[in-house]
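>
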Amino acid sequence: MTSSVTPVKHLVAEARTFYNETFGNDPEIAVCAPGRVNLIGEHTDYNQGFVLPMALPLVTVVVGRQISGNKVSIVSASEALEESNRVDFDLPTSTTPLLPGKPRWANYVKGVIQHYRAHPLPGFQAAICSSVPLGGGLSSSASLEVAVYTFLQQLCPDDGDDKAKAMACQKAEHTHAGVPCGIMDQYVSVLGKEAHALLIDCRSLEAEPVPLVDPGLVILITNSNVRHSLTGSEYPTRRKQCEEAAQLLGKSSLRDATREDLEAAKDGMDNVTYRRARHVIEEIRRTSQAAEALRQQNYKEFGRLMVESHNSLRDDYEVSCKELDELVNAAMEVRGVYGSRMTGGGFGGCTVTLLQADVVEQVKQHIMEKYNGSPSFYITTPSEGARVLSL
Ligand code: ADP
Ligand code: MG
């Protein structure tokens, strides 16, 4: 039952060896970008609301070098791909864009190249190594996109605009991976700050670091290691329901709606749409309150809001599942746990738990006993966003 996180320098060493074995020369550039965990503010980002994620010590590393010509060759060391781990293609031109294709994982990379904000990109070879679990709700996808973007910045510098960088990566996920995601994952992967959570206002795109360091506190991520196939289809459905609710309320997004607005319109709304909107409106409020609680180091209040968030995701937004509920319930049974909730899109993936450092082993043990599956644990601290590394 380990919960240690592979140090970045080990990942770089791994990526370097893998690169060398594949391409027969040494990389000259190394970069990384983190995955993230969302502490609170779930399914609020595409409703222009608040989210409060932090960047993780789990990262995607890209190492590589420029080559002559217009070819790109990339290998991924991930063992979870179920398709070829190597891809070779030509750089896009103004008349021939890079289109999505096979292998599917490479679409995240192709999308970033297509939307990269400076030209001309040279050909390159690269190897990818990641400690972010794939498809676990910790945003391996955004960490891959942002790592690739950061790598491209070393080959052909852009203007250094971090927000535009995050948005280009988000666009890559939309157009090439077919996931209509909000801005949170890419934003925190770019702008995350060590020892801080990041309060992001998804309407203004302002991001405010909120201090989160306390030696007496642990942020424990528990991976359920399940992912139900609903994930793909349910996400666009929820988005549509939110848009419908906002429209019924005469608002451009649910960010502008209050609970009073919703109650006044309740009779003209079907119950499902009502509950979806109730989750979003309340979750936006909870997230601002949670940020305030964090500023005051009021972890008890923060934890209470986490549990409220989980219950709302389970009952009103209906994106939890029995495994996530089990993990949250088990965690909350241990004294010294402030709060616990599912994190990420739902239907599997991870929970995040805020607890007193001195009970962490006890919590893990209790979860192991209570959970009808095999969980993985990560003890995490708020980490730095994307960065260039030395080789
Ligand atoms: P999450 O972002 O929560 O981890 P997603 O389904 O959004 O889950 O993204 C996971 C997908 O991203 C993988 O299936 C794969 O296609 C791609 N991906 C992420 N990390 C890597 C990696 N290191 N190598 C290759 N593909 C990756
Ligand atoms: Mg993702």
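Position one of the sequence shown corresponds to residue 148 (the numbering used here), numbered consecutively onward. Using N, Cα and C, we set each Cβ at its ideal position, and we do this for glycine too.
If I'm right that L538 touches P174 with Cβ under 8 Å, what's the distance once you round it to whole angstroms?
That belief holds up - the Cβ atoms of L538 and P174 are roughly 6 Å apart, short of 8 Å.
> Report, in whole angstroms, the separation of the C-beta atoms of P204 and T527, which I expect to be a contact under 8 Å.
Sure, about 6 Å apart at Cβ, within 8 Å.
> Where in the region 495-519 do unbroken runs of the beta strand (DSSP E), each at least 3 residues long, occur, reported from the N-terminal end onward?
For the region 495-519, whole beta strand (DSSP E) runs of length 3 or above, ordered along the chain, are 495-503.
> For D192 versus M331, is the C-beta spacing smaller than 8 Å?
It is a contact, given that the beta carbons lie within the stated cut-off.
> In whole angstroms, what separates the C-alpha of S459 from that of C349?
Distance between the alpha carbons of S459 and C349 is about 20 Å.
> The beta strand (DSSP E) that contains C276, what's its start and end?
Note, C276: beta strand (DSSP E), 270-277.
> Leaving out the 5 sequence neighbours to the left and right, which residues in its chain are closer than 6 Å to N254 when beta-carbon positions are compared?
Closer than 6 Å at Cβ, skipping near neighbours: P247, H323, A324.
> Strictly closer than 7 Å from CB to any heavy atom of the ligand MG: give me those residues in the order they appear in the chain.
Result: S286, S287, S288, A289, V326, C328, D332.
> Given 7 Å as the limit, tell me if Y255 has its C-beta closer than that to any heavy atom belonging to the ligand ADP.
True, at least one ligand heavy atom lies under 7 Å from that Cβ.
> Should H266 go down as buried or exposed, given a rule of 16 or more other Cβ atoms within 10 Å for buried?
The residue is exposed, with fewer than 16 neighbouring Cβ atoms inside 10 Å.
> If we count the other Cβ atoms within 10 Å of its Cβ and call it buried at 16 or more, is K413 buried or exposed?
Its Cβ having fewer than 16 others within 10 Å, K413 is exposed.
> Does the distance from the C-beta atom of G284 to that of V427 stay below 8 Å?
No.
> What is the rounded straight-line gap between the Cα of S523 and the Cα of S371?
Their Cα atoms are separated by approximately 7 Å.
> Have a look at H457, Q333, R385 and flag the residue whose alpha-carbon is nearest the alpha-carbon of A180.
For A180, the nearest C-alpha among the options comes from Q333.
> Is T95 helix, strand or coil when you go by DSSP?
Missing from the structure shown is residue 95; the chain here goes from 148 to 538 and no further.
> Which word fits T490, buried or exposed, when buried means at least 16 other C-beta atoms lie within 10 angstroms of its C-beta?
Its Cβ being crowded by 16 or more others within 10 Å, T490 is buried.
> In the DSSP output, what is R423 paired with across the bridge?
Paired residues: none, contrary to the question.
> With a 10 Å radius around its C-beta and 16 neighbouring C-beta atoms as the bar for buried, classify T243 as buried or exposed.
By the 10 Å Cβ count, T243 comes out exposed.
> Assuming M331 is part of the alpha helix (DSSP H), what are its boundary residues?
Residues 331-338.
> Check for me: the alpha helix (DSSP H) holding D462 runs from which residue to which?
Taken as a continuous stretch (DSSP letters only), the alpha helix (DSSP H) holding D462 covers 446-462.
> Would you tell me roughly how many angstroms separate the C-alpha atoms of V159 and I176, rounded to the nearest one?
Their backbone Cα atoms lie some 10 Å apart in a straight line.
> Where DSSP assigns a beta bridge to F524, which residues make up the other side?
Beta-bridge pairing links F524 to T369.
> Pull up the distance between the alpha-carbon of V184 and that of V499, whole angstroms please.
The alpha-carbon atoms of V184 and V499 are separated by roughly 8 Å.
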